[in-house]
Amino acid sequence: MSDQITKESLDRSFKLLSGRLDLARTEAVRLVICGGSALIATGLRNRTTHDADIVALMNEARELVSPEPLPPFLLEASTQVARDLGLSPRWLNNGPSQDDGGLFQMGLPGGFASRLTECIFGPRLTVYYIGRIDQIHFKLYAAADQSDPTHLADLRALNPTGPELEAAARWTMTHDVSAGFRWVLQELLKQIGHESIAKNI
């Protein structure tokens with residue numbers, strides 16, 4: 464199998480992961496997924512990706528908690544799935560919320576949990592995909608913070624409105640308060656045709 468993940472192979476990967484967790488009789492895990500995998504799974508964009516990014520975990524009380532560190536049993540099962548399906552060894556990772564400057568650690572957008580889409584793969588695995596509004600927040604931040612053009616392409620595909628972009632821009636500035644980031648963000652907003660928002664932030 465190619466390490467390029469499609470909607471079909473994403474479902475297959477999580478179903479196999481669920482089976483691995485069942486065989487090992489682990490505790491149940493609830494993963495909150497962002498990025499390309501969430502775009503694909505929710506139908507917000509038709510593309511491929513290399514991984515599934517965990518931005519948070521959900522505990523038994525349905526509260527969002529940090530995904531750092533990920534449970535060892537989950538890492539072991541995901542490594543087995545990678546071998547079985549020919550995926551990248553880090554096809555399942557907590558990169559977005561891995562350290563003190565991570566998305567979860569710095570604060571998620573208001574109302575984040577209410578916009579999650581639940582997918583139950585088995586008694587030990589439930590996956591929650593983030594919603595469109597939160598994708599706009601994360602993709603605007605990533606587009607301003609990183610040089611990968613995929614983030615800007617994703618942001619354009621989400622077709623955000625002016626108010627949505629302004630809310631996202633103000634949120635990104637709580638994650639990076641530097642003047643340099645604000646300038647980059649303003650230039651990005653101008654590039655995508657939102658000069659008025661660039662002036663307002």
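Quick note on numbering: the sequence shown equals residues 464 to 664 in my numbering.
In this text, a Cβ means the ideal position worked out from N, Cα and C, and glycines have one as well.
query, result
"Give a yes or no on contact between the region 575-594 and the region 500-512, applying the rule of three or more CB pairs nearer than 8 Å.", "yes"
"Opposite L494 in the DSSP bridges: which residues?", "L520, V590"
"Measuring alpha carbon to alpha carbon, tell me which residue in H638, T637, K662, V640 is nearest Q649.", "K662"
"So, with DSSP's three-state summary, where would you put L652?", "helix"
"Since E581 is in the beta strand (DSSP E), which residue starts that stretch and which ends it?", "580-585"
"Throw me the rounded Cβ distance for the I599 and R578 pair, which I believe falls under 8 Å.", "In fact, because the Cβ distance is near 11 Å, the residues do not count as touching under 8 Å."
"Quick one, are the C-beta atoms of L621 and L651 less than 9 Å apart?", "no"
"Mind listing, in chain order, the continuous alpha helix (DSSP H) runs of no fewer than 4 residues lying wholly within the region 589-622?", "595-608, 612-621"
"Ignore the nearest five residues each way along the sequence and tell me which others in G585's own chain have a CB closer than 8 Å to its CB.", "K478, S481, G482, L484, D485"
"L536 lies in the alpha helix (DSSP H); which residues open and close that run?", "The sequence shown places Phe at residue 536, not Leu. F536 -> alpha helix (DSSP H) spans 535-548."
"Going by C-alpha to C-alpha distance, which of L494, D466, A607, L555 sits closest to I583?", "L494"
"Nearest to T635 by CA position, among R587, E658, K602, is which residue?", "K602"
"Using the three-state DSSP reduction, which class does L480 fall into: helix, strand or coil?", "helix"
"Just to confirm the assignment, what range does the alpha helix (DSSP H) spanning E658 have?", "658-663"
"Please return the same chain residues whose Cβ sits closer than 6 Å to the Cβ of M464, not counting the five positions on each side in sequence.", "Its pLDDT being 45, under 50, M464 is placed unreliably in this model, and the coordinates cannot settle the point."
"What are the partner residues of I468, as DSSP defines its beta bridges?", "T512"
"On the DSSP bridge list, what partners appear for V528?", "L520"
"Counting pairs of beta carbons, one from the region 557-570 and one from the region 506-526, are three or more of them closer than 8 Å?", "yes"
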